[in-house]
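Residue numbers (this note's numbering): 162 to 425.
Single-structure report; data block below.
In structure tokens:
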């Protein structure tokens, strides 16, 4: 469906321009898959870089909507960042925004995430069939309505992004839990965001746990160890069901390194 609609004039991105092939990624670009979710552990250097490489590969197959885990309130700033004439101007626009992860540093405001934004900005100058959108709704906090409703709102945003550009594939980088595809019984989360979308139209990857560290904010923020629970030799996209059906596969990048907060 989607691959067949790729525009004949779409510019093929040159790997030498900073895009690296991700082993096994070709399995993601099936015609029946409209959404590709990457569930990451926030605060690594490797996950945002690999996601950018996946965006490069997807653009060679057709139009792409890149959906990032930032508040929809950031969208005007995100648009201005992407449209800025110079990198210095883009950085200044982002630095001027008074809220969000580049102020509070929960891992989504890391050096690696800033690098991802800068790479996406460069891609936009070459790829007309690409959009970069924020995907966290400003859902009100209402007594008696738990996280499950916010997950539903995320799914609605994703579906609206897809419907706004029906020929495009949506690539979303989110925290791991939002990319799960089955119900969390007894949890306030209930049905994760990705599980609200027809499963046949989605592929969901989880960042493999292969050791290393991530910048994580719990009681305090800092580098924290990542467990080694997955095959340490796996690399790239591995489409094998994971965690009893929560995910369709792994994005295996080896041991990861913590990415500290950015100063845009």
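Glycine included, every Cβ here is placed at the ideal spot set by N, Cα and C.
Note that the structure is a prediction, hence the values are computed from the model and not measured.
By the Cβ-count criterion, residue 394 is exposed, with fewer than 16 other Cβ atoms from all chains shown falling within 10 Å of its own Cβ. The three-state secondary structure of residue 197, taken from DSSP, is strand.
DSSP places residue 297 inside the beta strand (DSSP E), whose first and last residues are 291–297. The beta carbon of residue 343 is closer than 7 Å to those of 356, 406, 407 in its chain, skipping five residues each way along the sequence. The distance from the Cβ of residue 268 to that of residue 235 is about 16 Å, inconsistent with a contact at the 8 Å cut-off. Per DSSP, the beta bridge partners of residue 330 are 225. Check the Cα spacing between residue 293 and each of 189, 219, 239: the tightest is with 239. The way I'd put it, the segment 353–372 does touch the segment 400–420; three or more beta-carbon pairs between them come closer than 8 Å. In the DSSP assignment, residue 364 falls outside any alpha helix (DSSP H) and lies within the beta strand (DSSP E) extending over 363–368. Residue burial annotation: residue 401 is exposed, with fewer than 16 other C-beta atoms found within 10 angstroms of its C-beta.
Judged by DSSP secondary structure, residue 399 falls within the beta strand (DSSP E) whose first and last residues are 397–399.
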